[in-house]
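Below is one structure, written out as structure tokens; the observations come after it.
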Amino acid sequence: MSSSQPLDALAKIVLNNLENQHDWTGAKIHTQANLPRPVIYGLPPKRLYVHPDEQIATIKAERDSKKRVPQPPELEWVLPLHLVEKWSPAEFAAVLDALDIIPPGGTNTDESPDLEDVDAELRLWRGPKRGKRILLATIQDDSTVTYYFMHDGLVKPRQN
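Just so you know, we're using this note's numbering here: the sequence shown kicks off at 1225 and counts up by one.
Next up, the structure:
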């Protein structure tokens, strides 16, 4: 049995969960030489993360224009993990360093038709200008998957 088979199985469990339970589209398993394991990327049905500064700017822009600012979904990276695994910060950093900010097939936000009317200030947190992040998919023994965002570096806390 190859040592990559359990990692491939984790990736398939998460891929199935994203497509069938969370309605992601275009989800694919991604491997590359400098990654210690397969990762997944895909498009969720709605935007998963809004930077706190963007949240404030969006509220102001919506108040001023009296129109809703579009929040189209963005391609996201997903790292499948099993609950019993012990990862160090250096291992997480190696995965984040190996990945591009935007997964393959991601569009440049400046060219997105959904964001034609969006203020330049709001584009600072989207597309290639966003901070690097990955969605951790933690799998329990009963195949339950729990998701957490991990960012590369420090991120200001969200405002409620």
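By construction, the Cβ of each residue, glycine as well, lies at the ideal position given by its N, Cα and C atoms. Since we're looking at a predicted model, the values are computed, not measured.
Taking only the alpha-carbon atoms, compute the straight-line gap between residue i and residue j and give it to the nearest angstrom.
i            : j            : result
residue 1251 : residue 1264 : 7 Å
residue 1362 : residue 1318 : 18 Å
residue 1228 : residue 1372 : 24 Å
residue 1376 : residue 1320 : 7 Å
residue 1282 : residue 1289 : 10 Å
residue 1291 : residue 1280 : 15 Å
residue 1316 : residue 1285 : 36 Å
residue 1243 : residue 1287 : 35 Å
residue 1203 : residue 1249 : Outside the shown range of the chain, which is 1225 to 1384, sits residue 1203, and nothing can be said about it.
residue 1385 : residue 1293 : In the structure displayed, the chain extends from 1225 to 1384; residue 1385 sits before or after that span and is not available.
residue 1231 : residue 1314 : 19 Å
residue 1257 : residue 1367 : 28 Å
residue 1278 : residue 1259 : 31 Å
Smallest Cα separation from residue i: which of the options?
i            : options                : result
residue 1382 : 1366, 1367, 1288, 1276 : 1276
residue 1325 : 1296, 1359, 1308       : 1359
residue 1355 : 1369, 1258, 1379, 1308 : 1379
residue 1246 : 1274, 1269, 1258, 1312 : 1269
residue 1374 : 1233, 1248, 1273       : 1273
residue 1328 : 1243, 1230, 1242, 1253 : 1253
residue 1309 : 1243, 1365, 1244       : 1365
Going by other Cβ atoms of all chains shown within 10 Å of its Cβ, with 16 needed for buried, is residue i buried or exposed?
i            : result
residue 1357 : buried
residue 1255 : exposed
residue 1311 : exposed
Thinking C-beta only, is residue j closer than 8 Å to residue i?
i            : j            : result
residue 1295 : residue 1261 : no
residue 1323 : residue 1297 : no
residue 1299 : residue 1330 : yes
So, does the region 1229-1247 touch the region 1303-1316, judging by three or more C-beta pairs under 8 Å? Touching, per the Cβ criterion.
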